[in-house]
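Colleague: Residue 86 is where the sequence shown starts when you use this note's numbering, and the numbers rise one by one after that.
Ideal placement from N, C-alpha and C gives every residue a C-beta, glycine not left out.
Remember, it's a predicted structure, so these values are computed and weren't measured experimentally.
Let me give you the structure first, and then I'll get to my questions.
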Amino acid sequence: MNAMMTFERLIHLAETGSFDMMLDELLRPGRRLPLPVRLRLTSPEEAPLCALALAIRHVTELTHRPTPQARLLLAALCERVDEARGRAVNGPCTSAALSPGLAAVVLRGLLALQDQVDTLPGDRNPLSAHERDLLSSTIDEQCHTLYLARMAAQGWRSPGLIGDALDSAIVLWQLGDRPDLGDLVRLPELTMALRRRDVREAPGVRALLQVARACTSVAA
Numbered sequence: 086m087n088a089m090m091t092f093e094r095l096i097h098l099a100e101t102g103s104f105d106m107m108l109d110e111l112l113r114p115g116r117r118l119p120l121p122v123r124l125r126l127t128s129p130e131e132a133p134l135c136a137l138a139l140a141i142r143h144v145t146e147l148t149h150r151p152t153p154q155a156r157l158l159l160a161a162l163c164e165r166v167d168e169a170r171g172r173a174v175n176g177p178c179t180s181a182a183l184s185p186g187l188a189a190v191v192l193r194g195l196l197a198l199q200d201q202v203d204t205l206p207g208d209r210n211p212l213s214a215h216e217r218d219l220l221s222s223t224i225d226e227q228c229h230t231l232y233l234a235r236m237a238a239q240g241w242r243s244p245g246l247i248g249d250a251l252d253s254a255i256v257l258w259q260l261g262d263r264p265d266l267g268d269l270v271r272l273p274e275l276t277m278a279l280r281r282r283d284v285r286e287a288p289g290v291r292a293l294l295q296v297a298r299a300c301t302s303v304a305a
């Protein structure tokens, strides 16, 4: 993440809907996402979700407790998740609101905020009861999306993957430093699956795994 990105700049970009610019400024210089990953995560409908989730994570990396900026970003992100849920419900088939890869990005941002909340006594938690419920329910929804994707991959005889190869690489990039997720992600199985040649050669996967190695202690 770009440590020079100010909170005021983040909020300005969020309020003006400049999500592509937000993504460009948040991602560490020299660590641009591989094109297939960027295309997967930054369609007009998905770019706001990706940018807002990364923004929440950025804010929490620079603070010790939930800030007003994090609360604004949380509200904006959950509103976008709700819109995505509506599109999924009204679409031609029943599906999760977000792709597994995007769900992992959203989950990682929300977990960073939840970690801050968990360190505070209840009477010192600046989040309202509604915000806490929103945070918890949105985390649960993304966890469910990843669980269903992992189970579906088993049915496709692709054990260990979560979604397709690119989704799985995104999951490792975002959640590879969260061994506490345990059975949800199953990092050892995911890492092993991503070592398969046919998986690693999928467009964007090898390059993203290099980014993941730089961001986590997981040896992909």
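Which runs of the alpha helix (DSSP H), 4 residues or longer, sit entirely within the stretch 113-147?
Modeller: 120-126, 132-146
Colleague: If you drop the 5 nearest sequence neighbours on each side, which residues of the same chain put their C-beta closer than 6 Å to that of A99?
Modeller: So the list reads A161, once near-sequence residues are dropped.
Colleague: Within its chain, find whatever has a CB closer than 7 Å to the CB of Y232; leave out the 5 residues flanking it on each side and keep chain order.
Modeller: Closer than 7 Å at Cβ, skipping near neighbours: L269.
Colleague: Output the distance between the C-alpha atoms of I96 and Q154, rounded to the nearest integer angstrom.
Modeller: Rounded to whole angstroms, I96 to Q154 spans 7 Å at the Cα level.
Colleague: Taking 8 Å as the cut-off, does the stretch 288-302 touch the stretch 117-135 (at least 3 CB pairs, one atom from each stretch)?
Modeller: yes
Colleague: Could you check which residue in L159, R281, V284 has the C-alpha nearest to that of L198?
Modeller: L159
Colleague: First and last residue of the alpha helix (DSSP H) that includes D283?
Modeller: For D283, the enclosing alpha helix (DSSP H) covers residues 282-285.
Colleague: Where in the stretch 210-294 do unbroken runs of the alpha helix (DSSP H), each at least 4 residues long, occur, reported from the N-terminal end onward?
Modeller: 214-240, 250-260, 272-279, 282-285
Colleague: Would you report the Cα separation of V303 and P273, rounded to the nearest angstrom?
Modeller: Confidence in V303 is poor, its pLDDT being 44 and thus under 50, which makes the residue's placement too unreliable to answer from.
Colleague: Under the three-state reduction of DSSP, which class applies to R150: helix, strand or coil?
Modeller: coil
Colleague: Would P151 and P211 qualify as a contact pair, given that the criterion is a beta-carbon distance under 7 Å?
Modeller: yes
Colleague: Taking the CB atoms as reference points, tell me whether T145 and A188 lie closer together than 7 Å.
Modeller: Contact flag unset, no.
Colleague: I need the DSSP call for M90, collapsed to helix, strand or coil.
Modeller: coil
Colleague: Can you tell me the Cα-Cα spacing of C163 and D225, whole angstroms?
Modeller: 12 Å
Colleague: For L266, I'd like the list of residues in its chain whose CB is within less than 7 Å of its CB, leaving aside the five on either flank, ordered along the chain.
Modeller: L260
Colleague: Alpha carbon to alpha carbon, how far is S222 from R285? Give it in angstroms, no decimals.
Modeller: Between R285 and S222, the C-alpha separation is close to 33 Å.
Colleague: Could you tell me which of L275, R117, L112, S213 sits nearest to G289, measuring between CA atoms?
Modeller: R117
Colleague: Looking at A132: is its Cβ nearer than 7 Å to the Cβ of D167?
Modeller: no
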